[in-house]
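Peer 1: First, the structure itself, so that you have it in front of you.
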Amino acid sequence: MSVKSKQSFFWSGFIIIVFFTLYTIFRTTNVQSSEKPLTAEEKYPTVFVHGYKGTYNSFRTMLDRFENRHGWGQKTLEISVSDSGSIRYKGTLPKNPSSPPLVQVIFEDNRASLDKQAIWLENAMKLLHHQFNVSTVNIVAHSMGGLASTQYLENTSNESFVPKPHKFITIATPFQGVTKESYGQINTGAAVIDLKPGSRALTKMYLNRHLIPPEINVLSIAGSGDDVVNVQSALESRTFFEKNPFQSKIVYDPTISHSGLHETMKVDRLVGDYLWSK
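Taking the numbering used here, the leading residue of the sequence shown gets 41, the next gets one more, and so forth.
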């Protein structure tokens, strides 16, 4: 090989090495810049509370979609509360999460009164505060879970041993009660009494609405196809949260049932946009 050929070969190899080095640096920098650190609000755990007769499965598929389909967060903690109020939990809350942490709360007695459920939710929140040093949370609740969460907010408005609520989303929550005539005939438990229009529990909650911290941001979602909680009952929340920043949304789709509201992408988008502007 001639001297010129050797020089040409050398410089060709050198240029190729430089090119790939610059390409690698560019790709690394680009990936790092796209993975922005979470904002303070994105680090707030979001607590999901099921409704009457709810179970682990109630929010299971929504949480799975948030994590694996949308990439909006990661379920890292599951809290179960027994009838006696004792707490069991699986998982943890990372101190420096890489995605919004999602927490699922499950009441083992899913037909209990609002008074009990509000206390049980308080116990779960105490765990977040004392065990994981959580100072602020969001709450997403379906149906009766929204009432239990509202009563919890009233009960703990002046307490420092639970996290402060930042945003609160109710999905198909019967603030005027369940008006479906057959509901009380085919369902049992103390919750059924509390869910009747004009019940003592709902009246008490309404009279105590002044205890709700006014800084909580509230979104209430109703469904036009909900055959259990009509739109009027779901959006009666505006009278409970009259001092709060408040929004309401109606999902206009006659095919989406009461339970179907936590199984649809339409509600996913409303929740994701309100919590994290997704």
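Glycine included, each C-beta is placed from N, C-alpha and C at the ideal position.
(1) With respect to the beta strand (DSSP E) encompassing E282, which residues constitute its N-terminal and C-terminal limits?
(2) Which one of R151, I159, P77 and V218 has the shortest CA to CA distance from G125?
(3) Could you tell me which residues DSSP pairs with A181 in its beta bridges?
(4) For a test of the three-state rule: what should DSSP assign to G312, helix, strand or coil?
(5) Nearest-angstrom Cα distance between V218 and Q272?
(6) Quick test of your reading: L142 and F106, contact by CB under 8 Å. State the CB separation rounded to the nearest angstrom.
(7) Ends of the beta strand (DSSP E) at Q287?
(8) Rounded to whole angstroms, what's the CA-CA distance from G186 to T210? Just pull it up for me.
(9) Among the residues of its own chain, which have a CB less than 8 Å from the CB of H298, if the five just before and after it don't count?
(10) Could you tell me the alpha carbon to alpha carbon distance between H250 and P137, rounded to whole angstroms?
(11) Assign T68 to one of two classes, buried (16 or more other C-beta atoms within 10 Å of its C-beta) or exposed (fewer than that).
(12) Shortest alpha-carbon distance to L103 belongs to which of I290, H206, K289 and T86?
(13) Taking the C-alpha atoms as reference points, what is the distance between T132 and M305?
(14) According to DSSP, is I233 part of a helix, a strand, or is it coil?
(15) Is the CB-CB distance between Y84 and H206 below 8 Å?
(16) According to DSSP, which residues form a beta bridge with T176?
(17) What are the boundary residues of the alpha helix (DSSP H) that V271 is part of?
(18) Taking the beta carbon of N198 as the centre, do at least 16 other beta carbons fall within 10 Å, making it buried, or is it exposed?
(19) Kindly give me the distance between the Cβ atoms of I256 and N227, rounded to whole angstroms, as I take these residues to be in contact under 8 Å.
(20) Kindly indicate the opening and closing residues of the alpha helix (DSSP H) around T328.
(21) Of the residues I261, R278 and S317, which one's Cα is nearest the Cα of D293?
(22) For D234, count the other beta carbons within 10 Å of its own beta carbon; 16 or more makes it buried, fewer makes it exposed. Which is it?
(23) In this structure, how does DSSP classify E118 when only helix, strand and coil are distinguished?
(24) Would you say L193 and I252 are within 8 Å of each other, going by their C-beta atoms?
Peer 2: By the coordinates alone:
(1) Position 242 of the sequence shown, counted from the first residue, corresponds to residue 282. Counting along the chain, no beta strand (DSSP E) covers E282, and no H or E run does either.
(2) As a first step, residue 125 is located in the sequence shown; it is residue number 85 there, counting from the start. Of the listed residues, the one whose Cα sits closest to G125 is I159.
(3) Position 141 of the sequence shown holds residue 181. Answer is V89 and T210, bridged to A181.
(4) For the purposes of this step, residue 312 is taken as residue 272 along the sequence shown, with counting starting at 1. Residue state, collapsed to three classes: helix.
(5) Here residue 218 corresponds to residue number 178 of the sequence shown, with the count starting at 1. Here residue 272 corresponds to residue number 232 of the sequence shown, with the count starting at 1. Using only the alpha carbons, I get a separation of about 11 Å.
(6) Indexing the sequence shown from 1 puts residue 142 at position 102. Indexing the sequence shown from 1 puts residue 106 at position 66. Contact flag correct, Cβ pair sits at about 6 Å.
(7) Here the question's residue 287 lines up with position 247 in the sequence shown. That run of the beta strand (DSSP E) goes F286 to V291.
(8) The residue labelled residue 186 in the question sits at position 146 within the sequence shown. The residue labelled residue 210 in the question sits at position 170 within the sequence shown. Going from the Cα of G186 to the Cα of T210 covers about 5 Å.
(9) As a first step, residue 298 must be located in the sequence shown, where it is residue number 258. For H298, where only same-chain residues beyond five positions count, the Cβ hits under 8 Å are S183, A212, G263, D266, D267, V268 and V269.
(10) Along the sequence shown, read from residue 1 onward, the residue named residue 250 stands at position 210. Along the sequence shown, read from residue 1 onward, the residue named residue 137 stands at position 97. Answer to the nearest angstrom: the Cα atoms are 35 Å apart.
(11) Working through the sequence shown from its first residue, we reach residue 68 at position 28. The predicted model places T68 with a pLDDT of 41, which falls under 50 and marks its position as unreliable, so this point remains unresolved.
(12) Translated into the one-based positions of the sequence shown, residue 103 becomes position 63. Ranking I290, H206, K289 and T86 by Cα distance to L103 puts T86 first.
(13) For the purposes of this step, residue 132 is identified with residue 92 of the sequence shown, where counting begins at 1. For the purposes of this step, residue 305 is identified with residue 265 of the sequence shown, where counting begins at 1. Looking at the two C-alpha atoms, the distance is approximately 27 Å.
(14) On the sequence shown, residue 233 is found 193 positions in, with the first residue counted as 1. The three-state secondary structure of I233, taken from DSSP, is helix.
(15) Locating residue 84 in the sequence shown gives position 44, counting from the first residue. Locating residue 206 in the sequence shown gives position 166, counting from the first residue. In this structure, Y84 lies near H206, with their beta-carbon atoms less than 8 Å apart.
(16) Along the sequence shown, read from residue 1 onward, the residue named residue 176 stands at position 136. Its beta-bridge partners are K204.
(17) Numbered from its first residue, the sequence shown carries residue 271 at position 231. V271 to A274 is the span of the alpha helix (DSSP H), which, as asked, contains V271.
(18) For the purposes of this step, residue 198 is taken as the residue at position 158 of the sequence shown. Exposed is the call here.
(19) Within the sequence shown, the letter at position 216 stands for residue 256. Within the sequence shown, the letter at position 187 stands for residue 227. Going by Cβ atoms, the distance from I256 to N227 rounds to 30 Å, so no, they are not a contact pair.
(20) Nothing in the structure corresponds to residue 328, since the chain is present only between 41 and 318.
(21) For the purposes of this step, residue 293 is taken as the residue at position 253 of the sequence shown. Per the Cα distances, I261.
(22) Translated into the one-based positions of the sequence shown, residue 234 becomes position 194. So D234 ends up on the buried side.
(23) Taking the first residue of the sequence shown as 1, we reach residue 118 at position 78. Of the three classes helix, strand and coil, the one that applies to E118 here is strand, per DSSP.
(24) Counted from its first residue, the sequence shown places residue 193 at position 153. Counted from its first residue, the sequence shown places residue 252 at position 212. With contacts defined as CB atoms closer than 8 Å, L193 and I252 qualify as a contacting pair.
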